[in-house]
Each structure stands twice: as structure tokens, then as C-alpha cells.
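**Q** In the numbering used here, the protein residues as written are 298 to 553. Quick one: the structure is below, and I'll ask about it shortly.
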Amino acid sequence: MSTAPPRRRGERDDRPLHVQVEAWGPLACFTRPEMKVERVSYPTMTPSAAAGLLEAILWKPEITYRIERIEQLKPVLWTRFRRNEVNNSLVTRKVYEDLRADKGYRYDAAEDRGQRVTVALRDVAYRIHATLRATDRCTAPLPKYRDQFDRRLKRGACFEQPHFGCREFAAFFGPRGAAEEAGAVTAADRAGIPPVEELGLMLHHIEYLPGGKERYHWFRARLEDGVLRVPEEPLAPARTAGMPGAEGRVSAEEAG
Numbered sequence: 298m299s300t301a302p303p304r305r306r307g308e309r310d311d312r313p314l315h316v317q318v319e320a321w322g323p324l325a326c327f328t329r330p331e332m333k334v335e336r337v338s339y340p341t342m343t344p345s346a347a348a349g350l351l352e353a354i355l356w357k358p359e360i361t362y363r364i365e366r367i368e369q370l371k372p373v374l375w376t377r378f379r380r381n382e383v384n385n386s387l388v389t390r391k392v393y394e395d396l397r398a399d400k401g402y403r404y405d406a407a408e409d410r411g412q413r414v415t416v417a418l419r420d421v422a423y424r425i426h427a428t429l430r431a432t433d434r435c436t437a438p439l440p441k442y443r444d445q446f447d448r449r450l451k452r453g454a455c456f457e458q459p460h461f462g463c464r465e466f467a468a469f470f471g472p473r474g475a476a477e478e479a480g481a482v483t484a485a486d487r488a489g490i491p492p493v494e495e496l497g498l499m500l501h502h503i504e505y506l507p508g509g510k511e512r513y514h515w516f517r518a519r520l521e522d523g524v525l526r527v528p529e530e531p532l533a534p535a536r537t538a539g540m541p542g543a544e545g546r547v548s549a550e551e552a553g
């Protein structure tokens, strides 16, 4: 006898399925790409951060998440602080292995330390609306993965602790209504959200290319009544040429 979960009315195996997640926390920083050294956050969550949060709950190579919109459940509150950080980091496996092979190498974090300013958000709460879509590696019906996602969401299961931009800014999460149930959101919070706010260019998604290269795609972000809507397609590369902070990122023309 089959033990597959019952299919919801009107669903097909290949149809993108909707998921909703509420996430909240004391601190968040979704860094603007035009900033060089200091971290300055967008006033709302970015689609790439939202996708990372969903993948922390359930990641499988058979599925992917398309962020459709992000709702702000609380007005924007800013905070600013300085942190001690190291100036250099190990970004490739080869560098890591070369340093391990050099027995005489010694890294002194105190000598490599510097202070950086972070302009972050505080007391944040969001509702993420996304569709779960099948990749070319998917062999099972898509509702199976959506039901698995919903089960993990309800019991608070995750592969790693979700975070808001920086790993030390932990994010709590749950199904729709969980933020209000946890006391993180009140009915009066929506009153402080401005009707329209232009945010400038924001990362839509990263396309990974052969040879370790990346192609960055952008869209023009706009908050309307606290809702960030993510278009299906990003801006054409010609419209984002000269984007501040884009040095070293491969363009569509270079990748071709």
C-alpha cells in the first residue's frame, strides 16, 4: 500500500509549490555591495539571504527556492557598533592546504586584527513567500519535498542555525503566525512602516559558471507598504554596468 502524503487540491507533480516562513531576531545586516570595508545594511532582508535561510531549514540538490516577496513585519530600526575582525581570510581550499603543509607557518590574529563599523538592523521580523521548484536532479514528486519542508518548519528543525546576513546574527523561524506567537511582533508594528521606499540595486541571484567564475544578476528594489517584490527576471547586464563594488565580478559579455 502506498504511504505517499495526500496531494492538495489542484496540485501537479511538476508545479512550483508555495512555502511561507516567518523569521525574526535581535540583529541583522544585509550588506550593500557598494560598501568597501564598513558594513552598511539594506533596510530590509535580501532575496539571497532569504533563500539561504530556507536552505538552512531544508536543502536538497533536487529542489531550489525562488523568492517571490518578503514582508516586513516591523518598522526599520537601526543600530551601529564596532567589531574587531581579522583583515584576511582563507577563501580557497588550496590556500588552506598550502598553509597546513608549511609547518613553520604561524598566524597571529592579534597582528591581523582591525576594527570595522557595522550599521545594522535591530529587532527585525519578516515573512518570506517563496516557491519550491524542481531541479534537473529531481526524481520524486515535488509535493514530497514541500511536505518535508513543512514538517521541519513546524518542529523547528534545521541543518544549521539560520542567520540574518552575519552568522552571529541568529534568526528564529516558524510557520505563519509564529513571530506574533513568540511575542516578536505586535499589531501596532505595521503602523510604523513607510508606504514607499526606494532601495536601489539589489542582488537577484548568482549564476555559477565553469572555471569557478560567477555572474551576478541585479534588480531594482522597492519597498511598497513594507513588501519587497522580487521580479521573475533580473535587469539586463547593460543596465547594471558600472555598478559600484562590482570589480572582479564577471560580466555577461566576459562569461560568454
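The C-beta atom is built at its ideal place from N, Cα and C for all residues, glycine as well.
According to the neighbour-count rule (16 or more other Cβ atoms, all chains shown, within 10 Å of its Cβ), is Q458 buried or exposed?
**A** exposed
**Q** Please report how far the alpha carbon of E308 lies from the alpha carbon of Q445, in whole angstroms.
**A** Because the pLDDT at E308 is just 47, under 50, the model does not fix this residue reliably, and the point stays unresolved.
**Q** Suppose you measure from the CA of I364 to the CA of R410; what does that come to, to the nearest Å?
**A** Spanning the two alpha carbons is a distance of roughly 37 Å.
**Q** Between L418 and A325, which are expected to be in contact by the criterion C-beta below 8 Å, what is the C-beta distance as a whole number of angstroms?
**A** 4 Å
**Q** DSSP on R443, reduced to helix/strand/coil?
**A** Looking at R443 - three-state DSSP - the assignment turns out to be helix.
**Q** Roughly how many angstroms lie between the CA atoms of A552 and N385, to the nearest whole one?
**A** A caution first: A552 carries a pLDDT of 42, below 50, which makes its placement in the model unreliable, though a value can still be read off. In a straight line, the C-alpha of A552 is about 28 Å away from that of N385.
**Q** Could you say which of S338, A427, P340 lies nearest to Q317 if we only look at CA atoms?
**A** A427
**Q** Are at least three pairs of beta-carbons, each pair with one atom in the region 477–495 and one in the region 377–384, less than 8 Å apart?
**A** no
**Q** DSSP on D399, reduced to helix/strand/coil?
**A** coil
**Q** Let's test the definition: count the other Cβ atoms within 10 Å of the Cβ of M332 and tell me whether it reaches 16, buried, or not, exposed.
**A** exposed
**Q** Tell me which residue opens and which closes the alpha helix (DSSP H) that I295 is part of.
**A** Absent from the model: residue 295. The displayed extent of the chain is 298 to 553, so no value can be given.
**Q** Helix, strand or coil: which one does DSSP assign to P302?
**A** Low local confidence applies: a pLDDT of 46 at P302 is under 50, so the model's placement there is unreliable, with the coordinate-based value given in what follows. In the structure shown, P302 sits in coil (DSSP, three-state: anything other than H, G, I, E or B).
**Q** Suppose you measure from the CA of R434 to the CA of I360; what does that come to, to the nearest Å?
**A** 8 Å
**Q** Does K371 pass the burial test, meaning 16 or more other C-beta atoms within 10 Å, or should it be called exposed?
**A** buried
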